[in-house]
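Below is one structure, written out as structure tokens, with a few remarks after it.
Residue numbers (my numbering): 4 to 655.
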């Protein structure tokens, strides 16, 4: 069943064409991703589909019975109600049904209804139908579903009565997502739902969406999330949309193959075009060949020459270098307590960083990951414990809040003020590598988008040439292309990395160690994110096994103490049973020996020529042989069981 069809959609803003001839289809249970650079038109397309923005021409077909739910980027829930009461507003129709059921139950209990058989039958039929509809609509489980989704979004029973107005922006965004998930639309449209989610919540959301009953259309820059959830990818690029079947990794492979194919076709066409142009130029003035040249000119003008597959899309192009190498011991953290003023966030933090380490710092939101980085770069004081810096360590810090950027400065001045000895041309060249060219460099920093501010901060970081980079959520605000460029730059970086990120794809590509931070300490895992998950699961299983063994040990101890009085009797019984088994085993062995001799005798007879030729004799001896073998096998099974029991008695 098709839940959404987009045909030949066009959308422009003044003279800028955003979408051109877009075709898109979503079937029931499809998991579809929209990917592309920032500004390519992904959010615009979602808003058009959700009916929040008009379009110039084309067709959007949504069946009448299809319910759409849309969560736009940075959307937060605004309500005067508490968390629980706001969630319950989704189920007003179920509550009405529930009231009606209670009303019918009271009528059915009224003796007066029994007096009229026809009336009673009508009430019963109405009750049965309503109860069936109520069950199918989830009437008996909506409160349990609500608790499950709220828990997944990190809202717990003690939070249920909190007013929504008292929540932070990130909490309201998570709550808006929770409410949309509980409403269970047929088509779920999500624009960057992974913002403000920590890794634990992201993992829960992935599992939930995999089992979601409806279709999903999603924009996200979280590549690990897309790999886990989606099965179809539409790329929005240069106003057009291209479909790829598979997850994000499959899309990358498909895109690379398409690029190679298109590049060969483009180069072949360009050769053909060049030959036509050369022929026309050479022959247009000759009387003998002018008609041929004019004919070729018409071919040249009529042919729709394909655009370069590279197009006019530019990618940032930068790398990180170091001014000098640090010592082998870069940083040591011992029994550190961190926090703000008198409030501690985490304690007992221990960390060792060596040259060329790539360490990812992970943990739930609010556990102090950013606080630890700020403490290490000396933006916050140490509450207790010790941080020791190695020889020749130079720290470069990337702040996710971009607090170190000056709002009233231009992009050019932001860099030039810190490196005044460089000339303007060199500064412009550096900014050009981060996609700032022409008048872009004169824009005030305050007017830039999140992605543009991130590129300015990365430009400043590159110019520092520090040998220890401390990065707080460096992939936030970056589109997929910019993330790839940053990753490649960090992979080639010759220094040491310590970073916080919720981007698990990024962690997998960069990290050689993962340090998990909790409120009571830190724990190091030697590997990437996937190894961290695997090892964490293994440690959890070992802990469970240890706990189970302790419980068994306690039960055994209790049983031993309770049975001390009867130990002597048990020993006597065991000795008696041992004697019985030994006698029975001897009897079985003798009987088995007798059967073995009979089997050998019959098998020998079956080999005699006179008997072998007599079919009736063969059948007689074979039947006898099968019977004896069966008896022998039965005795052998008893013999094995008794020997096992005897061995257990002797070993106890």
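Every residue, glycine too, gets a C-beta built ideally from N, C-alpha and C.
- Per the coordinates, the alpha-carbon of residue 82 lies some 10 angstroms from the alpha-carbon of residue 179.
- In terms of Cβ geometry, residue 486 and residue 478 form a close pair [threshold 8 angstroms].
- Taking C-beta atoms as the reference points, residue 528 and residue 507 fail to come closer than 8 angstroms.
- In chain order, 638, 641 and 642 place their CB closer than 7 angstroms to the CB of residue 591, counting only its own chain and leaving out the 5 sequence neighbours on each side.
- Fewer than three pairs of CB atoms, one per stretch, sit closer than 8 angstroms, so the region 515-530 makes no contact with the region 543-560.
- The beta carbons of residue 37 and residue 237 sit about 5 angstroms from each other, so the pair counts as a contact at 8 angstroms.
- Residue state for residue 24 is assigned as strand, using DSSP reduced to three classes.
- For residue 160, the three-state secondary structure derived from DSSP is helix.
- Straight-line measurement puts the Cα of residue 202 at about 6 angstroms from the Cα of residue 505.
- Look at residue 528 here: in three-state DSSP terms it is strand.
- Between the C-alpha atoms of residue 271 and residue 304 there is a straight-line separation of about 17 angstroms.
- With contacts defined by Cβ atoms closer than 8 angstroms, residue 537 and residue 512 do not form a contacting pair.
- As computed with DSSP, residue 631 is found in no beta bridge at all.
- The beta-carbon separation of residue 232 and residue 185, rounded to 19 angstroms, does not stay under the 8 angstroms limit for a contact.
- In this structure, residue 469 keeps its C-beta atom at 8 angstroms or more from the C-beta atom of residue 405.
- Sorting 356, 626, 6 and 338 by C-alpha distance to the C-alpha of residue 522 places 338 at the top.
- Ranked by Cα distance from residue 312, the options 269, 294, 328 and 274 are led by 269.
- Bounds of the beta strand (DSSP E) holding residue 36 are 34-38.
- Of the candidates 91, 10, 329 and 46, the residue whose Cα lies closest to the Cα of residue 357 is 329.
- Taking every protein chain shown into account, the CB of residue 195 has 16 or more other CB atoms within 10 angstroms, so this residue is buried.
- Look at residue 612 here: in three-state DSSP terms it is helix.
- Only residues of its own chain outside the window of five on either side were considered, and among them 631 have a CB closer than 6 angstroms to the CB of residue 601, listed in chain order.
- If the five residues before and after residue 62 are omitted, its C-beta is found closer than 7 angstroms to the C-beta atoms of 10 and 11, all from its own chain and listed in chain order.
- Take the alpha-carbon of residue 420 and the one of residue 433: they are about 14 angstroms apart.
- One Cα belongs to residue 296, the other to residue 279, and the distance between them is close to 9 angstroms.
- Look at the beta carbons and you see the region 203-211 not touching the region 162-171: under three pairs across the two are nearer than 8 angstroms.
- As the crow flies, the alpha-carbon of residue 102 is around 28 angstroms from that of residue 217.
- With 16 or more neighbouring CB atoms inside 10 Å of its own CB, residue 480 falls in the buried class.
- Unbroken beta strand (DSSP E) stretches of 3 residues or longer found wholly inside the region 267-343: 332-343, given in chain order.
- Contact between residue 373 and residue 503 holds: their C-beta atoms lie close to 6 angstroms from each other, under 8 angstroms.
- Ranking 624, 192, 615 and 66 by CA distance to the CA of residue 47 puts 192 first.
- Within the same chain, Cβ atoms closer than 8 angstroms to the Cβ of residue 104 are found at 130, 133, 134 and 137, the five residues on either side in sequence being excluded.
- Taking residue 252 as reference, the option from 241, 394, 265 and 234 with the minimal CA-CA separation is 234.
- For residue 370, there is no enclosing alpha helix (DSSP H), as DSSP marks it with neither H nor E.
- Between residue 431 and residue 321, the gap from beta carbon to beta carbon reaches 8 angstroms or more.
- Membership of residue 125 in the alpha helix (DSSP H) is indicated by the continuous run 120-139.
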